[in-house]
Every structure is written in C-alpha cells, then in structure tokens.
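Residue numbers (the numbering used here): 1133 to 1286.
Read through the structure below, which is laid out as structure tokens, and then see the notes.
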C-alpha cells in the first residue's frame, strides 16, 4: 500500500439495511480513491434528526444536510506520514431523497458525497467559483476512475 493511500477507517451505520447496500469495502474503496495523504477517518451514516442537530450545533444551520466534514487538523502543516483526521457524516434521509430527485442510484450518490467529504477533509472547499470549479473537477475525475458518471452533468 502506498503511503498516500494509508488509511485507518471506521464506518458506522444506523441499521443493517444500509450496511448491506453500502458495504465497508465499497466505502473504503471510495475513500481511498480520493486520498492524497495518509488518513484516519470515521464515516458515520445518520438519520435526519441527528444530521439536523449536528448541522445546527456546528454550522448554525437548522436543517439536515447531505454531508458534513469535521476535519480535525484543518490548516495544520502535516508531516509526510502524519494522517489527516476527520469525521465525515452522511445523512441517509437527505442523500436518499437527493438520489431519487436527481434520478441517481443511492450507491453512486453516496460515493460522490464520500469523495466530496474526503476532499473537504484534505482542505478543498467550494466557497467561491474558482474553488468550486477545482473541487468539482477533482470529484468528477475521481468518480470517473471509479466508473461513476459525472454528478454535475445535466
């Protein structure tokens, strides 16, 4: 395993149904595809109530969102072998609704949101058009390598 893909990963599911659809090996593959450095991540799937609570408490936005990334060493200079540490929270109610509205598979949409969260954990953002363009380009490239179509294509 290359150092850039060195990964310690915990995946937490709210129920067995989701764990059957979005398996740990799939989650690991999606995370590793977006890694540029060693990492220690927890991927946690939550319901709308918990997603809303986390978004309200940490971002002061009173609604459930699809993905939240808590990057614990954001802005720090990391040594070559020092891992990026983050919790990535996915709200299953929101991501399933979005997948249906966008006529995408739940698995593909989940992969996209995980890649998105992993990029956030590594310092990427989309606060302005230039950042958004760079991040969306990376997401599209990574997802293509995973055999997933461009999520931004209309």
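Just so you know, even glycine gets a beta-carbon here, dropped at the ideal spot from N, CA and C.
Would you kindly work out how many angstroms separate the C-alpha atoms of residue 1285 and residue 1232, rounded to a whole number?
Locating residue 1285 in the chain shown gives position 153, counting from the first residue. Locating residue 1232 in the chain shown gives position 100, counting from the first residue. When rounded, the distance between both Cα atoms is 16 Å.
Am I right that residue 1224 and residue 1254 are in contact with their C-beta atoms under 8 Å? What's the rounded C-beta distance?
Stepping through the chain shown from its first residue, residue 1224 is reached at position 92. Stepping through the chain shown from its first residue, residue 1254 is reached at position 122. Residue 1224 to residue 1254, Cβ: 24 Å. No contact.
Would you please state the rounded distance, in angstroms, between the beta carbons of residue 1278 and residue 1243? I believe it to be under 8 Å.
Translated into positions along the chain shown, residue 1278 becomes position 146. Translated into positions along the chain shown, residue 1243 becomes position 111. Contact flag correct, Cβ pair sits at about 6 Å.
Assign residue 1183 to one of two classes, buried (16 or more other C-beta atoms within 10 Å of its C-beta) or exposed (fewer than that).
Translated into positions along the chain shown, residue 1183 becomes position 51. The residue is buried, with at least 16 neighbouring Cβ atoms inside 10 Å.
In whole angstroms, what is the alpha-carbon distance linking residue 1157 and residue 1193?
Mapped onto the chain shown, residue 1157 falls at position 25. Mapped onto the chain shown, residue 1193 falls at position 61. Each residue's Cα considered, the two are about 32 Å apart.
I need the straight-line Cα distance from residue 1181 to residue 1196, nearest angstrom please.
Looking up residue 1181 in the chain shown gives position 49. Looking up residue 1196 in the chain shown gives position 64. Between residue 1181 and residue 1196, the C-alpha separation is close to 7 Å.
Below 7 Å between beta carbons: does that hold for residue 1178 and residue 1246?
Residue 1178 sits at position 46 when you count from the first residue of the chain shown. Residue 1246 sits at position 114 when you count from the first residue of the chain shown. No; because the gap between Cβ atoms is not below 7 Å, this pair is not in contact.
Backbone secondary structure at residue 1305 - three-state DSSP
Outside the shown range of the chain, which is 1133 to 1286, sits residue 1305, and nothing can be said about it.
Taking 8 Å as the threshold, find out whether the stretch 1262–1278 comes into contact with the stretch 1157–1177 through three or more Cβ pairs.
With three or more CB-CB distances shorter than 8 Å, the stretch 1262–1278 counts as touching the stretch 1157–1177.
Put residue 1219 into one of helix, strand or coil per three-state DSSP.
By 1-based counting over the chain shown, the position of residue 1219 is 87. Residue 1219: strand per DSSP, three-state reduction.
Can you give me the Cβ contacts of residue 1154 inside the same chain, cut-off strictly under 6 Å, excluding the 5 residues immediately before and after it?
Position 22 of the chain shown, counted from the first residue, corresponds to residue 1154. Cβ within range, chain order: 1242.
So, for residue 1293: in the same chain, excluding its five sequence neighbours on each side, which residues have a beta-carbon less than 8 Å away from its beta-carbon?
The first residue shown for the chain is 1133 and the last is 1286, placing residue 1293 beyond what the model contains.
Assign residue 1133 to one of three DSSP states: helix, strand, or coil.
Position 1 of the chain shown, counted from the start, is the residue given in the question as residue 1133. At residue 1133 the pLDDT is 43, less than 50, meaning the model places this residue with poor confidence and gives no usable figure here.
Note down the Cα distance separating residue 1205 from residue 1218, rounded to an integer number of angstroms.
Along the chain shown, one-based indexing puts residue 1205 at 73. Along the chain shown, one-based indexing puts residue 1218 at 86. The alpha-carbon atoms of residue 1205 and residue 1218 are separated by roughly 8 Å.
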